[in-house]
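Residue numbers (UniProt numbering): 1 to 517.
Encoded structure:
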């Protein structure tokens, strides 16, 4: 307790003189139990009670505060660096600085940066060079007819695209390459090596990446009478190596993934005399998640990823600039078709589409890709897609074709005739509602003349076309592979979506009671 001081005497123009009579009155108004000769002068009873009440309240508040949980008594104040991210230079000015009201809730103020690797980390196997690097070193021998070295240069992007000046915005020309559709294994390997969630400690990994260039390894053996043993050799060698790895044996491959840069049917030979390799049917490969440009829709471990196209944005701003360019493009024709007929195939559907387009009285632009007119190094297809509202997308040599992605990147709306061309292939990368970004016309309706492609497409209003195109434009980032090996800053491209999906599915497989579809 602090000592009780006597109250100050009331002010007076003249100094008052103390008399015995005044002393006698003061003593009568004091508490008789605390009388003391000339030691203290006590206040009157009203002031004493007021003081006692104040002291009692202080004691009660103190006891209440001590009874509160610690987390409720901890008040946090903003760091001086949180205001415009600058320290306060002059303390004298601090009181005049207008501060934002501070939220003192623990969840808001005790924050940490989000964990960008919350889905897990990736360990990359250091495979023997024969499975990847030596294939690139021997790029001239990967194809029986011509060298693949140019196509696989620049980290798999191929040579820089010349001749696009005036076709695309000048500032975006350096973002374009003549990229080969079978180069995804090289592109993915380079990106995984630089991925922010890559780990060199296998014990901390969620997923294990096998950088085997299966598509490049099999390419030359698909032609000219090579035996089934030749086509299976590389895959058998890889499986023999991987089965000696302890982390493979721990999971039997369930947490492993790889890229296979061709369509799944090139690796699904069931009989020796059939096409392709039997790689996917080999026991060791059954549990591996496989990223392919075309999947088997009924195989859970096949994941369809976008074909590589020519556009490889260098930054987020490249993406935005391109989206604005295709959004504002003035399109001259209702629809288009680019493709080569297959004269050897009876009732060839692509030949039928070319006839439909040529007979559409100026509403369709046709590009006959017979020969080398549509090969890498020409801009005719890109220009055609940029000028058309819709682009016809039948199946290619298999159910899918790279043209689907060339079309959509150009802001053109795809028209499909088989569900397996896109809807059952690329679920991670395309909108859930097919009608929001595409048109489906069953091929049989076209073959028997029941449906006119031109009439169907003319039935869409300008507003509906704009809405569908906007959905296509919105999804462009998910369909391209960015140029920087570390990816873009704030926008996820096709590689990011694929890796996030792989990590998510491996996490799901670890859950009790998980059933794969």
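Beta carbons: idealized from backbone N, C-alpha and C, even for Gly. Note that this is a predicted model, so its numbers are computed, not measured.
**Request:** Might you give, ordered along the chain, the residues of its own chain that have their beta carbon closer than 8 Å to the beta carbon of residue 198, omitting 5 neighbours on each side?
**Result:** Walking along the chain shown from the start, residue 198 turns up at place 198. Only 121, 122, 123, 124 and 192 meet the Cβ criterion.
**Request:** Per DSSP, which residues does residue 176 bridge with? Please list them.
**Result:** Residue numbering aside, residue 176 sits at position 176 when the chain shown is read from its first letter. Partner(s): 311.
**Request:** Measure the CB-CB distance between residue 215 and residue 187 and report whether it falls below 8 Å.
**Result:** The sequence position of residue 215 within the chain shown is 215, counting from 1. The sequence position of residue 187 within the chain shown is 187, counting from 1. It is not a contact, given that the beta carbons lie outside the stated cut-off.
**Prompt:** Who are the Cβ neighbours of residue 143 in its own chain at under 8 Å, not counting the five residues just before and after it?
**Reply:** Within the chain shown, residue 143 is the residue found at index 143, counting from 1. Excluding residues within five positions, the ones whose Cβ falls inside 8 Å are 219 and 220.
**Asked** Looking at the unbroken alpha helix (DSSP H) that takes in residue 321, where does it start and where does it end?
**Response** Position 321 of the chain shown holds residue 321. 316-327 is the span of the alpha helix (DSSP H), which, as asked, contains residue 321.
**Request:** Find out if the Cβ-Cβ distance for the pair residue 262, residue 293 is shorter than 8 Å.
**Result:** As a working mapping, residue 262 is identified with position 262 in the chain shown. As a working mapping, residue 293 is identified with position 293 in the chain shown. Yes.
**Request:** Consider the C-beta atom of residue 134 and the heavy atoms of the ligand HEM; say whether any pair is separated by less than 7 Å.
**Result:** In terms of ligand content, the structure shown is empty, and the ligand HEM therefore cannot be addressed.
**residue 379 versus residue 311: straight-line alpha-carbon distance, rounded** = Along the chain shown, read from residue 1 onward, the residue named residue 379 stands at position 379. Along the chain shown, read from residue 1 onward, the residue named residue 311 stands at position 311. Distance between the alpha carbons of residue 379 and residue 311 is about 12 Å.
**Message:** Is there a Cβ of chain D sitting closer than 8 Å to that of residue 366, yes or no?
**Reply:** Of the protein chains in this structure there is only one, and it is not chain D.
**Residue of 494, 163 and 355 minimising C-alpha distance to residue 173** = Position 173 of the chain shown holds residue 173. Selected option, being the one with the closest Cα: 163.
**Message:** Among the candidates 308, 240, 315 and 137, whose CA atom is the shortest distance from the CA of residue 182?
**Reply:** Counting from one through the chain shown, the residue named residue 182 turns up at place 182. Cα-wise, what sits closest to residue 182 is 308.
**Prompt:** DSSP three-state call for residue 338: helix, strand or coil?
**Reply:** For this step, residue 338 is matched to residue 338 along the chain shown. If DSSP states are grouped into helix, strand and coil, residue 338 belongs with the strands.
**Under the three-state DSSP convention, the category residue 508 falls into** = The residue you call residue 508 lines up with position 508 of the chain shown. It is helical.
**Request:** Please classify residue 185: is it buried, with 16 or more other beta-carbons within 10 angstroms of its beta-carbon, or exposed?
**Result:** Here residue 185 refers to the residue found at position 185 of the chain shown. It is buried - the Cβ of residue 185 has at least 16 other Cβ atoms within 10 Å.
**C-alpha distance - residue 473 paired with residue 229, whole-angstrom precision** = The count along the chain shown starts at 1 and reaches residue 473 at position 473. The count along the chain shown starts at 1 and reaches residue 229 at position 229. Their Cα atoms are separated by approximately 45 Å.
**Prompt:** Roughly how many whole angstroms lie between the Cα atoms of residue 505 and residue 301?
**Reply:** In the chain shown, the residue the question calls residue 505 occupies position 505. In the chain shown, the residue the question calls residue 301 occupies position 301. Residue 505 and residue 301: Cα-Cα distance of roughly 10 Å.
**Bridge partner(s) assigned by DSSP for residue 368** = Taking the first residue of the chain shown as 1, we reach residue 368 at position 368. Bridge partners of residue 368: 339.
**Item:** Segment contact, 8 Å Cβ cut-off, at least three pairs: the segment 488-503 with the segment 315-332
**Value:** yes
**Request:** Look up residue 207 in the DSSP assignment and give the residues it is bridged to.
**Result:** Reading the chain shown from its first residue, position 207 is the one you call residue 207. Residue 207 is bridged to 122.
**Request:** Compare the beta carbon distance of residue 471 and residue 434 with 8 Å and say whether it is the shorter of the two.
**Result:** Against the chain shown, residue 471 aligns to sequence position 471. Against the chain shown, residue 434 aligns to sequence position 434. Taking 8 Å as the Cβ cut-off, residue 471 and residue 434 do not qualify as a contacting pair.
**Message:** Please give the ranges of any beta strand (DSSP E) in the segment 403-461, keeping only runs that are unbroken, at least 3 residues long and fully inside the region.
**Reply:** 413-416
**Asked** To which residues of the same chain is residue 116 closer than 8 Å at the C-beta, ignoring the five residues directly before and after it?
**Response** Counted from its first residue, the chain shown places residue 116 at position 116. Within the same chain, residue 116 has close Cβ partners 196 and 197.
**Request:** Specify, as a first and last residue, the run of the beta strand (DSSP E) that residue 393 falls within.
**Result:** Here residue 393 refers to the residue found at position 393 of the chain shown. 388-393 is the span of the beta strand (DSSP E), which, as asked, contains residue 393.
**Item:** Chain-order list of residues whose beta-carbon lies under 7 Å from that of residue 496 (same chain, five-residue window excluded)
**Value:** The residue labelled residue 496 in the question sits at position 496 within the chain shown. Excluding positions up to five away in sequence, the list reads 487.
**Message:** Quick check on residue 518: buried or exposed, where buried means 16 or more other Cβ atoms within 10 Å of its Cβ?
**Reply:** Past the boundaries of the shown model lies residue 518; the chain is included only from 1 to 517, so the question cannot be answered.
**Item:** Those residues which DSSP pairs with residue 294 across a bridge
**Value:** For the purposes of this step, residue 294 is taken as the residue at position 294 of the chain shown. Its beta-bridge partners are 263.
**Message:** Need the endpoints of the alpha helix (DSSP H) that residue 186 sits in, please.
**Reply:** Taking the chain shown and counting its residues from 1, the one referred to as residue 186 is at position 186. Taken as a continuous stretch (DSSP letters only), the alpha helix (DSSP H) holding residue 186 covers 184-193.
**Request:** Would you kindly work out how many angstroms separate the C-alpha atoms of residue 226 and residue 316, rounded to a whole number?
**Result:** In the chain shown, residue 226 corresponds to position 226, counting from 1. In the chain shown, residue 316 corresponds to position 316, counting from 1. When rounded, the distance between both Cα atoms is 46 Å.
**Item:** Three-way DSSP call (helix, strand, coil) for residue 498 in this model
**Value:** Within the chain shown, residue 498 is the residue found at index 498, counting from 1. Residue 498 falls in the helix class under three-state DSSP.
**Request:** Determine contact between the segment 324-331 and the segment 340-354, defined as no fewer than three beta-carbon pairs at a distance below 8 Å.
**Result:** no
**Asked** Going by DSSP, which residues form a beta bridge with residue 256?
**Response** The sequence position of residue 256 within the chain shown is 256, counting from 1. Among the bridge pairs identified by DSSP, residue 256 is matched with 208.
**Message:** If you follow the beta strand (DSSP E) that residue 302 is in, where does it begin and where does it stop?
**Reply:** Counting from one through the chain shown, the residue named residue 302 turns up at place 302. It spans 302-304 - the beta strand (DSSP E) in which residue 302 sits, taken as one unbroken run.
**Spatial neighbours of residue 518 in its chain, beta-carbon cut-off 6 Å, leaving aside the 5 residues before and after** = Shown here, the chain extends from 1 to 517; a query on residue 518 therefore has no answer.
**Request:** Starting from residue 247, follow the alpha helix (DSSP H) in both directions and report where the run begins and ends.
**Result:** By 1-based counting over the chain shown, the position of residue 247 is 247. Run containing residue 247: 246-251, per the alpha helix (DSSP H) assignment.
**Message:** Rounded to the nearest angstrom, what separates residue 286 and residue 280 at their Cα positions?
**Reply:** The count along the chain shown starts at 1 and reaches residue 286 at position 286. The count along the chain shown starts at 1 and reaches residue 280 at position 280. About 6 Å.
**Prompt:** What residue from 420, 409 and 413 has the CA that sits closest to residue 399's CA?
**Reply:** In the chain shown, the residue the question calls residue 399 occupies position 399. Selected option, being the one with the closest Cα: 420.
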